[in-house]
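Numbering (the working numbering), first residue to last: 833 to 1122.
Spelled out as structure tokens, the structure:
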């Protein structure tokens, strides 16, 4: 009996979300429409990505592990944000405006939830990014490989913020007290500490994901789930941030920085893709073979 690829439906869903985002950005360029960056739009976009992330995690890790993973990652992200907003720790001194909706301890819940899609995308593609982990099944991965995979995931996550933070401060979502040296001409700039904080928080979350997800047999495994879906998620986040940087922020140099930061992760992942897919099919064949 032919095995059904359970990853095709969530992959197609994510592809549709990506196409819609690209269409909105294209309309913004061609027709001069302004994408409504309101809380409603942000909730819709983040919500659409979260649907795929949760869907994907439940299929590949099971609902119990997924619940633990996302519960812990939300706690880490929210705690880091709260320390930053209230004490200037982790990211530096900043505060959120009321534009992002409901807040707790000065941190909008939307801001904490927005960590999930990019960190999860980076976590998933880090297996493909590092050739050494690409040749290892999750069942035989050791602590060292998990550590390096988490580090790669942290850099892949932080690369996205090189575009997102300038967009956010230009839209008034949050304000950096005293600004910073990164793009100082956009709302007084962003401090370098912010990106160091992103690296640290993203690394911790990636490592948590590794400790929970590595060493287990995935309930469902296919190219759509393991490779195409996560790559599309990371690519969607890149294309959306890149497009908004060009059309809303209107800073070509920031878009170029973002492309140079995120682009290598996408290119390397695509380069390692054939080997990873071969190993994926080989492992699945050898595991299921009587």
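Heads up, the beta-carbon is just placed ideally off N, CA and C, and yes, glycines get one too.
Length of the line joining the Cα atoms of residue i and residue j
i	j	result
residue 959	residue 948	18 Å
residue 852	residue 942	21 Å
residue 847	residue 904	28 Å
residue 1071	residue 1105	20 Å
residue 1075	residue 855	11 Å
residue 877	residue 1068	11 Å
residue 879	residue 925	28 Å
residue 954	residue 1066	7 Å
residue 1018	residue 952	29 Å
residue 1083	residue 889	35 Å
residue 956	residue 1024	26 Å
residue 1093	residue 900	30 Å
residue 1095	residue 1063	12 Å
residue 922	residue 981	22 Å
residue 912	residue 946	13 Å
residue 1123	residue 978	Shown here, the chain extends from 833 to 1122; a query on residue 1123 therefore has no answer.
residue 1002	residue 1060	33 Å
residue 971	residue 891	Bear in mind that a pLDDT of 48 at residue 971, under 50, signals an unreliable position, so the number given afterwards is only what the model happens to contain. So the alpha carbons of these two residues sit roughly 17 Å apart.
residue 887	residue 842	7 Å
residue 850	residue 885	14 Å
residue 1077	residue 1098	19 Å
residue 1103	residue 1058	16 Å
residue 1088	residue 1030	20 Å
residue 907	residue 934	17 Å
residue 914	residue 940	10 Å
residue 845	residue 950	17 Å
residue 1081	residue 1016	14 Å
residue 1013	residue 840	44 Å
residue 902	residue 983	19 Å
residue 1028	residue 898	27 Å
residue 967	residue 930	Summary for residue 967: the model assigns pLDDT 48, below 50, so the residue's position carries little reliability; its value from the coordinates is reported in the next sentence. Those two C-alpha atoms are separated by around 47 Å.
residue 883	residue 1079	27 Å
Under 9 Å between C-beta atoms of residue i and residue j
i	j	result
residue 1045	residue 896	no
residue 932	residue 1006	yes
residue 875	residue 910	no
residue 1004	residue 1011	no
residue 1026	residue 993	yes
residue 998	residue 917	no
residue 1101	residue 961	yes
residue 996	residue 1073	yes
residue 1090	residue 1041	no
For residue i, the first and last residue of its enclosing alpha helix (DSSP H)
i	result
residue 1030	1024-1045
residue 952	947-961
residue 1079	It is not in any alpha helix (DSSP H) - residue 1079 carries neither H nor E in the DSSP assignment.
residue 901	895-919
Terminal residues of the beta strand (DSSP E) in which residue i lies
i	result
residue 1007	1006-1008
residue 928	926-928
Nearest-angstrom beta carbon gap, residue j and residue i [assumed within contact, 8 Å]
i	j	result
residue 927	residue 938	7 Å
Contact test: residue i Cβ vs the ligand GTP heavy atom, cutoff 8 Å
i	result
residue 1061	Ligands displayed in this structure: none; no statement on the ligand GTP is therefore possible.
Worksheet item: Using 8 Å as the threshold, is the segment 984-997 in touch with the segment 1028-1042, meaning 3 or more CB pairs across them?
Response: yes
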